[in-house]
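Taking it in order: structure first as structure tokens, then the write-up.
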Amino acid sequence: EDQVTQSPEALRLQEGESSSLNCSYTVSGLRGLFWYRQDPGKGPEFLFTLYSAGEEKEKERLKATLTKKESFLHITAPKPEDSATYLCAVVRGATNKLIFGTGTLLAVQP
Amino acid sequence: NAGVMQNPRHLVRRRGQEARLRCSPMKGHSHVYWYRQLPEEGLKFMVYLQKENIIDESGMPKERFSAEFPKEGPSILRIQQVVRGDSAAYFCASSPLTAGSSYNEQFFGPGTRLTVL
């Protein structure tokens, strides 16, 4: 069965302290992996799509990478406004539904 | 270009009542997905619709839940005879129709938070 596991569940960083979030997946024939950011009380905000192993994408302080078994979201010199829950999801099936992990709650302290 | 719109943002119902959740996709998008986020759990797929068609309802509970996406107007997720376990955040996502594309990104609305008393 397709599965997405994110770690750690929660991460507390000091402002400027770089780190990485992990998303490991088991899916037959990966057709896409998504990263979203979710703030409390809001809907997920699209960040990145990755389609094949070796692919990398960047946006401001965030960089997403993909291997055959996992994806990393690297956060460089984070700021307090980067505090949020980061969600990973894989595309499943012909109807493109998303299978989500339970997220990593990131807190960046000034 | 307005994003995905959902209303109401908050909905309170008593056990046994009906809940209707509405979703207006982004302009130009003809694919709608509904997901549910239970407290302390991840987002779970419920149903996928295109205009006037339910394409995949494999994540929808067999009873009390239904969804539609009419030719005109928003997509509706309907929950009949609500129970406390239905309390959750319900999110709608829309995706564009791109001829020949194998995949389209999904953009989420702000969600409807349903509380069943």
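Sequence order for the protein chains is D and X. Here the first sequence stands for residues 1 to 110, numbered as in my numbering. Here the second sequence stands for residues 111 to 227, numbered as in my numbering. Ideal placement from N, C-alpha and C gives every residue a C-beta, glycine not left out. Model, not experiment: these values are computed from the prediction.
Is there a C-beta anywhere in chain X that falls below 8 Å from the one on residue 103 of chain D?
In the first sequence, counting from the first residue as 1, residue 103 of chain D sits at position 103. Output row for residue 103 of chain D: interface = yes.
Interface residues of chain D around residue 217 of chain X at Cβ under 7 Å?
The sequence position of residue 217 of chain X within the second sequence is 107, counting from 1. Per Cβ cutoff of 7 Å: 46.
Report the option in X/224, X/215, X/225 whose CA atom is closest to the CA atom of residue 136 of chain X. Within the second sequence, numbered from 1, the residue matching residue 136 of chain X stands at position 26. Cα-wise, what sits closest to residue 136 of chain X is X/215.
Between residue 147 of chain X and residue 153 of chain X, how many whole angstroms is the CB-CB distance? I'm expecting something under 8 Å. The residue given as residue 147 of chain X occupies position 37 in the second sequence. The residue given as residue 153 of chain X occupies position 43 in the second sequence. Contact flag correct, Cβ pair sits at about 5 Å.
- [ ] List the DSSP bridge partners of residue 7 of chain D.
- [x] Working through the first sequence from its first residue, we reach residue 7 of chain D at position 7. DSSP lists D/22 as partners of residue 7 of chain D.
Exercise. Please determine, among D/57, D/80, D/89, D/28, the residue with the shortest C-alpha to C-alpha distance to residue 74 of chain D.
Key: Stepping through the first sequence from its first residue, residue 74 of chain D is reached at position 74. Ranking D/57, D/80, D/89, D/28 by Cα distance to residue 74 of chain D puts D/57 first.
Using a cut-off of 8 Å between C-beta atoms, extract the partners of residue 214 of chain X located in chain D.
-> Counting from 1 along the second sequence, the entry for residue 214 of chain X is found at position 104. In chain order: 96.
Which ranges does the beta strand (DSSP E) cover as unbroken runs of at least 3 residues, wholly within the segment 124-211 of chain X, from first to last along the chain? 129-134, 139-147, 153-160, 163-166, 175-178, 185-189, 198-206
Is there contact here, the segment 30-37 of chain D with the segment 126-146 of chain X, by at least three beta-carbon pairs under 8 Å?
no
Item checked: For residue 88 of chain D, the nearest candidate out of D/21, D/59, D/17, D/28 (CA to CA) -> Position 88 of the first sequence, counted from the first residue, corresponds to residue 88 of chain D. That would be D/21, whose Cα lies nearest to the Cα of residue 88 of chain D.
query: Do the segment 165-173 of chain X and the segment 86-102 of chain D make contact, defined as three or more Cβ pairs closer than 8 Å?
result: yes
**Prompt:** Which residues in chain D sit within 7 Å of residue 152 of chain X, going by Cβ to Cβ distance?
**Reply:** Here residue 152 of chain X is taken as the residue at index 42 of the second sequence, counted from 1. Those are 100, 101, 102, 103, listed as they occur along chain D.
Q.
Could you check whether the Cβ of residue 49 of chain D sits closer than 8 Å to any Cβ belonging to chain X?
A. Mapped onto the first sequence, residue 49 of chain D falls at position 49. With 8 Å as the cut-off, residue 49 of chain D counts as an interface residue toward chain X.
**OP:** Drop a sphere of 10 angstroms on the beta-carbon of residue 203 of chain X, count the other beta-carbons inside from all chains shown, and report buried for 16 or more, exposed for fewer.
**Re:** On the second sequence, position 93 is the one that residue 203 of chain X refers to. Residue 203 of chain X comes out buried.
Report the neighbours of residue 175 of chain X on chain D: residues whose CB is nearer than 8 Å to its CB, in chain order.
If you number the second sequence from 1, residue 175 of chain X lands on position 65. Those do not exist, as residue 175 of chain X stays about 16 Å from chain D at its closest Cβ, beyond 8 Å.
Practice problem: Given a cut-off of 8 Å, decide if residue 84 of chain D and residue 106 of chain D are closer than it, judged by their beta-carbon atoms. | Solution: Counting from one through the first sequence, the residue named residue 106 of chain D turns up at place 106. Counting from one through the first sequence, the residue named residue 84 of chain D turns up at place 84. The answer is yes: Cβ separation under 8 Å.
Looking at the secondary structure, which residues open and close the beta strand (DSSP E) in which residue 71 of chain D lies? Numbered from 1 along the first sequence, position 71 holds the residue referred to as residue 71 of chain D. Taken as a continuous stretch (DSSP letters only), the beta strand (DSSP E) holding residue 71 of chain D covers 70-75.
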